[in-house]
Amino acid sequence: MPSYVRTRLLAAREFAIEELAELRMHHPAYDQAIIESLRKIIPFDYFFFSGVDLDNCHTGANMVLMSDMPAAGIAAYHASGLVRADPLLTLVTADRPDLSWFDVPADVKARPEVRALMRLLDDHHIPPRVIFSQWNAAGELYGTAGYARAAAFSEEEMTILSWFSRRFHLDLCEPVLDGFNQQIGLTSGEKACLDLASRGLTSEEIGEKLDLTTETVNSYMKLITRKLGARNRGQAIADALRLNLIR
Numbered sequence: 089m090p091s092y093v094r095t096r097l098l099a100a101r102e103f104a105i106e107e108l109a110e111l112r113m114h115h116p117a118y119d120q121a122i123i124e125s126l127r128k129i130i131p132f133d134y135f136f137f138s139g140v141d142l143d144n145c146h147t148g149a150n151m152v153l154m155s156d157m158p159a160a161g162i163a164a165y166h167a168s169g170l171v172r173a174d175p176l177l178t179l180v181t182a183d184r185p186d187l188s189w190f191d192v193p194a195d196v197k198a199r200p201e202v203r204a205l206m207r208l209l210d211d212h213h214i215p216p217r218v219i220f221s222q223w224n225a226a227g228e229l230y231g232t233a234g235y236a237r238a239a240a241f242s243e244e245e246m247t248i249l250s251w252f253s254r255r256f257h258l259d260l261c262e263p264v265l266d267g268f269n270q271q272i273g274l275t276s277g278e279k280a281c282l283d284l285a286s287r288g289l290t291s292e293e294i295g296e297k298l299d300l301t302t303e304t305v306n307s308y309m310k311l312i313t314r315k316l317g318a319r320n321r322g323q324a325i326a327d328a329l330r331l332n333l334i335r
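Mapping of the sequence shown onto our numbering: position 126 corresponds to residue 214, and the numbering continues sequentially without gaps.
Okay, here's the thing in structure tokens:
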């Protein structure tokens with residue numbers, strides 16, 4: 089049976105949901121006046137920011153950070169399963185992270201599942217969208233920012249929205265990730281050891297890199313294993329990678 093500590097640490101989604109509820113009430117990054125200032129420069133009907141780089145919290149898993157999209161529309165979008173067919177998610181890549189609905193190829197829009205998605209969005213009066221995607225070091229899509237309006241955004245507007253969206257998405261995610269890391273309580277020295285261990289270095293090699301004795305490195309790794317509620321060093325490294333404590 090997993091320990092209470094381990095069960096709690098691996099419940100990243102539950103933590104993020106609880107943390108976001110608090111952040112929306114008190115954290116300055118979640119002040120919607122920031123978005124309203126942007127809307128005065130570039131008009132749009134709706135916006136959304138979704139996804140945190142934690143287990144089961146990526147875009148597509150209904151992890152909404154901020155949004156003024158119709159709540160019923162968001163619920164229907166995820167409940168329908170059509171999120172898996174959304175071209176704005178399936179066609180973006182780390183090399184081409186931004187995509188407008190107006191640039192989705194006609195043959196893709198003609199697919200039955202995409203036509204069903206279009207009907208769902210129309211039913212909830214959600215106009216065409218554009219998204220700006222976020223990718224982690226492992227090459228995984230974890231977050232998106234998006235805006236919706238009837239008219240296509242100009243190239244200049246897309247440039248401004250792309251610049252703003254990436255920085256603002258990081259600002260929204262940072263307090264969630266900081267809070268998650270704080271509940272584990274790894275020190276900077278422990279994280280440095282853990283990072284090097286994840287790259288395959290031995291305790292002796294880590295000690296040489298960080299100017300620490302082998303005994304100190306082993307002590308750090310034992311503390312890390314205990315804090316993560318892991319059975320051994322290998323499981324601690326695997327959990328730390330999964331939980332985005334190291335990359």
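Ideal Cβ positions, reconstructed from N, Cα and C, are used throughout, including at glycine.
With a 10 Å radius around the Cβ and a threshold of 16 neighbouring Cβ atoms, P216 comes out buried. Judged by DSSP secondary structure, V196 falls within the alpha helix (DSSP H) whose first and last residues are A194 to K197.
For L187, there is no enclosing alpha helix (DSSP H); the residue is found in the beta strand (DSSP E) stretching over D186 to S188. Annotation: S307 is outside any beta strand (DSSP E); the continuous alpha helix (DSSP H) that includes it extends over T302 to K315. Contact check for R237 against Y134 passes: the beta carbons are separated by less than 9 Å. Here DSSP, grouped into helix, strand and coil, assigns G148 to coil. In the DSSP assignment, Y165 falls within the alpha helix (DSSP H) that extends over A159 to A167.
Within the region 186-255, the complete alpha helix (DSSP H) segments at least 4 residues long are 194-197 and 200-211, listed from N- to C-terminus.
Rounded to the nearest angstrom, the gap between the Cα atoms of L300 and S307 is 11 Å. Remark: C-beta atoms of Y235 and L208 do not approach each other more closely than 9 Å. For F103, the enclosing alpha helix (DSSP H) starts and ends at A100 to H114.
Note on geometry: alpha-carbon atoms of A100 and N269 lie some 11 Å from one another. In the three-state reduction of the DSSP assignment, L179 falls in the coil class, being assigned neither a helical nor a strand state.
Distance check between L111 and each of D327, N332, A149 and L153 places L153 closest, using alpha-carbon atoms only.
Selection E107, F136, D119 and D327 evaluated against G231 yields F136 as nearest (Cα-Cα). A straight-line Cα-Cα distance of about 45 Å links V192 and S276.
L229 places its beta carbon 9 Å or farther from that of L282. The straight-line gap separating the alpha-carbon atoms of E296 and A225 is approximately 26 Å. By the 16-neighbour rule on beta-carbons within 10 angstroms, H114 is exposed. With a cut-off of 8 Å on Cβ pairs, the region 145-152 is not in contact with the region 284-295, counting fewer than three such pairs.
Nearest to R199 by alpha-carbon distance, out of R254, V218 and P175, is P175.
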